[in-house]
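Its first residue numbered 5, the sequence shown is counted upward by one per residue in my numbering.
The structure under discussion appears below in the form of structure tokens.
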Amino acid sequence: MKMKVIKVLKGKNKYEVFSGIGTFNLLPDLVSQKGLYSNILFVVDQNVMKYHSDKIKSVREKFTGKNNIYIMPSGEKNKSNERYNRILTFLAENNYGRDSLIAAVGGGVTGDIAGFVASTYLRGVQLVQIPTTLLAAVDSSVGGKTGINFFNRKNIVGTFYQPDIVLTDTDFLKTLPKSEIISGTGEIIKYAFLSGREFYNEINDSYNSIISLDDKTLNKIIPGCIRIKAEIVTEDEQESGLRKILNLGHTFAHAYESYFNFRIKHGNAVAAGIISALYLSFKKGIINQTSLKYFLNLPLKIYPNKSLKPDGNEIFTRMLSDKKNKSGRIKFILLKDIGEVLIDVEADKDEVLYSIRKTFIPQSDF
């Protein structure tokens, strides 16, 4: 199976994403070819280390410079200021200089915090993203967003800092629990709505193949999502306009994650957020009932835990602190049609509460 190479950005910040089976093994050669530093710190998710230690060891042995591993505890709660400080301390205690490279080997939590460390340690060192979850592979490893959670709020401290390389090795996905695969499809579904009908139908029709990690399907869907994000990020690197469409469902999703103290996975929260955004699009008259029913089919495949009963008013209050808001007004990304998204849409509180209620108490009537 051929490796896919996707180019992201232009100019000094440009880089490539290498997607396919076994791409992690290319790291030493790519570091050499691209003139990157060989003083490397691997920030590795503890579960990845548990299942792939031999693979990581074989790659590490090919580097001749300073070489250490920092084991990153799993879970959203570890994307914290405390953990950020611990990684900085590890770098300083081991005398890493500006001629250093941080390799983030893990999911979105590891990639976000390691990227934030890379962007701030000594005012910036080199970074390679090596996503090991489906969600990170299709979304968070590309585009340069880094950060930590703070004050029980999602990603409100962070930077835009592009990696030098992204290696998406689908071998890592084979050891993921099914819940992580399902979570990853939440972001894939987002890209289905942001793309054209052809890609939307492909994702809808191949949902079961994605969940079962069919190699042929992954080799089409993962690069497909990356290409969509690469085009958007290249057009708008720091989210001043077009890139906002990548937040479809996320204003709701981040509030849900915070409200449930990050006990629900990000991709599941995104799916719930997309459902909420669709109901809000309907409530505001942007889509009709027929379109709503049709669009709901895909995100409902990973419907959130039906036992969850969030307090709509509390969710709304948390949304007021979303970092995307301006002048104290909540800004939503809403869907008009597949591939046609509206940005910075404002809504009344009762419209938002309706959308939250319909998400968690689905009914046959509208």
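Ideal Cβ positions, reconstructed from N, Cα and C, are used throughout, including at glycine.
These numbers come from a predicted model, not from an experiment.
Option nearest residue i by Cα separation, candidates the options
i	options	result
Q242	K59, K328, I192	K328
G69	G101, F164, V161, L304	G101
E206	I225, G39, D315	I225
S84	F203, Y298, P181, I117	I117
D354	G316, I337, G343, V345	G316
V35	E235, V63, L252	V63
R157	V48, V170, Y263, L312	Y263
L131	V345, A108, K287	A108
G24	I232, V142, D103	V142
E344	R333, K248, L312	K248
N265	N51, K54, P77, K81	K81
S183	N208, G271, K220, L126	G271
I125	N153, A96, I134	Inspection of the sequence shows that residue 125 is occupied by Tyr rather than by Ile. The shortest Cα separation from Y125 among N153, A96, I134 belongs to A96.
L312	V161, F94, E261	E261
L180	H56, E239, I334, A351	H56
Y74	K61, F94, I279	F94
Residue i - containing alpha helix (DSSP H), residue span
i	result
I25	That residue, I25, is in no alpha helix (DSSP H); it is neither H nor E in DSSP.
E235	219-239
I160	Here I160 belongs to no alpha helix (DSSP H); instead the beta strand (DSSP E) covers 157-164.
A259	254-263
Environment of residue i [buried if 16+ CB atoms lie within 10 Å]
i	result
Y19	buried
L324	exposed
Q293	exposed
A196	buried
N251	buried
V21	buried
Q37	exposed
Residue span of the beta strand (DSSP E) that contains residue i, given as start and end
i	result
P135	130-135
F154	149-154
E344	344-349
A108	104-110
Residue i at chain D interface by Cβ criterion, 7 Å
i	result
K328	No chain D appears in this structure, which consists of one protein chain only.
List in chain order: all unbroken beta strand (DSSP E) runs of 3+ residues lying wholly within the region 41-74. 43-49
Three or more C-beta pairs closer than 8 Å, one from the region 277-285 and one from the region 344-363: is that the case here? yes
So does the region 39-50 actually touch the region 11-18, counting three or more Cβ pairs closer than 8 Å? no
Between the region 295-313 and the region 264-280, do three or more beta carbon pairs fall short of 8 Å? yes
Inter-stretch contact (C-beta, 8 Å, three-pair minimum) for the region 25-32 and the region 157-172: yes
Report yes or no: do three or more beta-carbon pairs, one from the region 76-96 and one from the region 135-147, lie closer than 8 Å? no
Whole runs of the alpha helix (DSSP H) within the region 174-200, excluding any shorter than 4 residues: Segments of the alpha helix (DSSP H) lying fully in the region 174-200: 182-198.
Counting pairs of Cβ atoms below 8 Å between the region 134-141 and the region 185-203, do you hit three or more? yes
Fully enclosed by the region 293-339, which beta strand (DSSP E) runs are 3 residues long or longer? Within the region 293-339, no complete beta strand (DSSP E) run reaches 3 residues.
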